[in-house]
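Undergrad: What follows is a structure written as structure tokens; I'll ask about it next.
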Amino acid sequence: MTIESDTLLACCTLARVDHVDTHVLPTARPTSRSPEMWMREILENTSAAMRARLTAGWAMLGLKLHRGDTILGWPISHNDAEYVRLHRHSPVGLTGQLVTRASGDGVQFATFVQLSNPAARALWRRVLPTHLEIVRSLLREAGERAH
0 MTIESDTLLA
10 CCTLARVDHV
20 DTHVLPTARP
30 TSRSPEMWMR
40 EILENTSAAM
50 RARLTAGWAM
60 LGLKLHRGDT
70 ILGWPISHND
80 AEYVRLHRHS
90 PVGLTGQLVT
100 RASGDGVQFA
110 TFVQLSNPAA
120 RALWRRVLPT
130 HLEIVRSLLR
140 EAGERAH
């Protein structure tokens, strides 16, 4: 794990982490926005087509959209000046957390996944390449919008 991963891992509350991917969005003024504002920029301020693709993919994983204090249907489980954490659980045995921090190095974004059974592990293996492609695209687009 990198330093960013270790710092972000401290924000995770999963009992076990079976997958983690971390990314840094370099930006001139990362701390000019709160972590929540960055998470909203990354997930919600994208195109309608991308939001539809995200919600369809999450539905395929059994992650139902929530209402209330959410970011694109993900409940906010922690939100302060240091980081924001979103948390969802799927009945197929997949639990995910998304974490965003803004620091002097840029905007850090991580996905943490706990896979509770063989079916969840097989499903995650199948969607992982697409997940990584989409996260990179979301961060690239957020960076372009931020400049």
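If you read the sequence shown in numbering that gives the first Met the number 0, its first letter stands for residue 0, the second for the next number, and so on. From the three backbone atoms N, C-alpha and C, an ideal C-beta is built for every residue, glycine too.
1) Within its chain, find whatever has a CB closer than 6 Å to the CB of A145; leave out the 5 residues flanking it on each side and keep chain order.
2) How do the region 30-39 and the region 82-96 stand: do at least 3 beta-carbon pairs fall below 8 Å, yes or no?
3) Per DSSP, which residues does I75 bridge with? Please list them.
4) For L97, which of helix, strand or coil comes out of DSSP?
5) Got a sec? Which residues, its chain only, sit under 7 Å from L131 by beta carbon, not counting five neighbours each side?
6) May I ask you to list the residues that DSSP assigns as paired with S102?
7) Between the C-alpha atoms of V98 and H18, what's the straight-line distance to the nearest angstrom?
TA: Result, derived from the coordinates:
1) T26
2) Touching, yes.
3) L85
4) strand
5) D20
6) In the DSSP output, where bridge partners are listed per residue, S102 has G105.
7) 14 Å
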